[in-house]
Amino acid sequence: MVDGPDECTNVHAEKRSDALDYSHRPVYTPFLTTSYKGHLLEITFTSNLNTKPELTKEIDHIMESVRLKE
């Protein structure tokens with residue numbers, strides 16, 4: 005549980021020396037953001053380096069199927 009802004013700090017991890025440069029590669033990231041029981045709820049689904057339309061359609065279907073129950 006995050007208790008206030010002091011716990012919401014930026015975390016930076018150094019890039020590995022053998023890592024590829026992803027700065028110009030495609031990223032597909034849909035967000036679902038809502039209020040749930042008085043709290044902010046964010047669901048993020050990210051696909052890196054994949055431009056296949058079938059995958060983005062599948063991700064969209066997953067995100068559209070999310071249902072919250074109390």
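For the sequence shown, this note's numbering gives the first residue as 5, with consecutive numbering after it. All residues carry an ideal CB built from backbone N, CA and C; glycine is no exception.
Asked, Found
"Can you tell me where the beta strand (DSSP E) with GLU59 in it begins and where it stops?", "One point to set straight first is that residue 59 is Leu, not Glu, in the sequence displayed. Not the beta strand (DSSP E): LEU59 falls in the alpha helix (DSSP H), residues 57-68."
"Please confirm whether VAL31 and ASN52 have their CB atoms less than 8 Å apart.", "yes"
"Taking only the alpha-carbon atoms, compute the straight-line gap between ILE142 and LYS56 and give it to the nearest angstrom.", "This structure cannot settle anything about residue 142, because the visible part of the chain is limited to 5 through 74."
"Of the residues PRO34, SER39, THR33 and PHE35, which one's Cα is nearest the Cα of LEU72?", "SER39"
"Would you report the Cα separation of THR48 and GLU58, rounded to the nearest angstrom?", "18 Å"
"Specify the secondary structure class of LEU44 as computed by DSSP and reduced to three states.", "strand"
"Please return the same chain residues whose Cβ sits closer than 6 Å to the Cβ of THR37, not counting the five positions on each side in sequence.", "GLU46"
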